[in-house]
Amino acid sequence: MNPFLLPMIRVQMKVLIFAAALMLTACSQTQGMIDDRSAKPCVDSPNCVSTQDSRESHQLAPFELTDSATLDNIEQVALSLPRANTAVKKDNYLRIEYTSRVFGFVDDLELRMANSKLWVRSQSRVGYYDFGVNRKRAQTLRAALQQANLIE
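Take the sequence shown: its letters are residues -28 to -1, 1 to 124, numbered as in mature numbering (1 follows the signal peptide of the UniProt record, and there is no 0).
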């Protein structure tokens, strides 16, 4: 075997192993049963934001509901964001899954109507850093809910 080909074959093998590991990670994301975490603060990784977290890096300002807000209306607005589907809807709780375009990673947006407030928690299922995607999603949701007159 040509000794100059060996380093190139090693690099190709590393790339293949990395790609396979990445695909397995994307395919192994939790499906189905996820506990309601809407009232819980975020984990320490920066890929989560919540109205129930007091740490500045994770905190979202409160969402104040209007009298006309219903869970169905809120769901309709949340589903208007790209690549969204309803995973759980019961009582005053919604979990919407958002799937990334490129690798198919899933983020969970949890919404709970609690008196006159909407608790909001958005977190990536895998990875550590999300490049601000969950915070941007929460801000986009806030603007859309305000536009629909569902929050103040």
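All C-beta atoms, glycine included, are put in the ideal place defined by N, C-alpha and C.
Rounded straight-line distance, which links the Cα of residue j to that of residue i
| i | j | result |
| --- | --- | --- |
| S72 | S40 | 32 Å |
| S88 | K61 | 19 Å |
| P18 | D102 | 7 Å |
| R67 | E28 | 24 Å |
| E124 | T42 | 14 Å |
| S10 | W91 | 6 Å |
| R114 | Q(-17) | 45 Å |
| A(-3) | T38 | Any reading at A(-3) must be qualified, since the residue scores a pLDDT of 46, below 50, and its modelled position is unreliable; the value itself is stated next. One C-alpha to the other measures close to 38 Å. |
| N106 | C20 | 6 Å |
| H30 | I(-20) | 44 Å |
| L51 | F35 | 18 Å |
| D25 | K12 | 7 Å |
| G104 | Q118 | 21 Å |
Identity of the residues DSSP links to residue i by a beta bridge
| i | result |
| --- | --- |
| Y65 | K62 and R84 |
| Y70 | A56 and D79 |
| C20 | Q95 |
| I123 | L37 |
| Q31 | S22 |
Close Cβ partners of residue i (< 8 Å) along its chain, the five nearest in sequence each way excluded
| i | result |
| --- | --- |
| R109 | L53, Y70, D79, L81 and S94 |
Proximity winner among the options, relative to residue i (alpha-carbon distances)
| i | options | result |
| --- | --- | --- |
| D7 | I46, G99 and L83 | L83 |
| T23 | L51, A120, N121 and M85 | M85 |
| R55 | N45, D63, D44 and V74 | V74 |
Contacts around residue i, its chain only, beta-carbon distance under 6 Å, and the 5 residues preceding and following it disregarded
| i | result |
| --- | --- |
| A116 | V49 |
Neighbourhood of residue i by C-beta, 7 Å cutoff - its chain only, sequence neighbours within 5 removed
| i | result |
| --- | --- |
| E47 | T58, K61 and L66 |
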